[in-house]
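Asker: In the numbering used here, the protein residues as written are 884 to 979.
Where is the CB? At the ideal position from N, CA and C, for every residue including glycine.
Given the structure is predicted, the values throughout are model-derived calculations rather than measurements.
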Amino acid sequence: MTIDELRARAAERQQTCSQIKKMIVSRLDLEIDPDWITDDQPLFGRGLELDSLDVLELYVAIEAEFGVALYDSEMAVFGSVSRLAEEVNPALRASA
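1. Measure how close the beta-carbons of residue 895 and residue 975 come, nearest whole angstrom, since I'm counting them as under 8 Å.
2. By Cβ distance, which residues of its chain are closer than 8 Å to residue 904, with the 5 residues on each side in sequence left out?
3. Taking C-beta to C-beta, are residue 932 and residue 951 nearer than 8 Å?
4. According to DSSP, which residues form a beta bridge with residue 925?
5. Comparing alpha-carbon positions, which option in 912, 915, 922, 914 lies nearest residue 893?
See the structure below:
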């Protein structure tokens, strides 16, 4: 992979993560700036402290905004914004 490809991939990751952060803040009516959320910050527990109702809202929001359907067996993707970005934009997944 060339340096230009790496830069393009990093820019795409940054754009996808930014879009997810804005969606989270907007759909959950959080009173924080989306830039306050880091890409690897946990969304549950000591992170944003989201709960099960928030997850349901995010399921709906992700399907509406990204056209990606998530299932109960895929709860791990809600670990962080970065994990969500990889799920909604498969091009961001590490290539072998």
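Answerer: This is what the structure gives:
1. Reading the sequence shown from its first residue, position 12 is the one you call residue 895. Reading the sequence shown from its first residue, position 92 is the one you call residue 975. Residue 895 to residue 975, Cβ: 7 Å. Contact.
2. Walking along the sequence shown from the start, residue 904 turns up at place 21. Once the five neighbours on either side are set aside, the close Cβ partners of residue 904 are 917, 918, 920, 964.
3. As a first step, residue 932 must be located in the sequence shown, where it is residue number 49. As a first step, residue 951 must be located in the sequence shown, where it is residue number 68. The answer is no: Cβ separation not under 8 Å.
4. The count along the sequence shown starts at 1 and reaches residue 925 at position 42. DSSP lists 963 as the bridge partner or partners of residue 925.
5. As a working mapping, residue 893 is identified with position 10 in the sequence shown. Comparing Cα positions, the closest option is 922.
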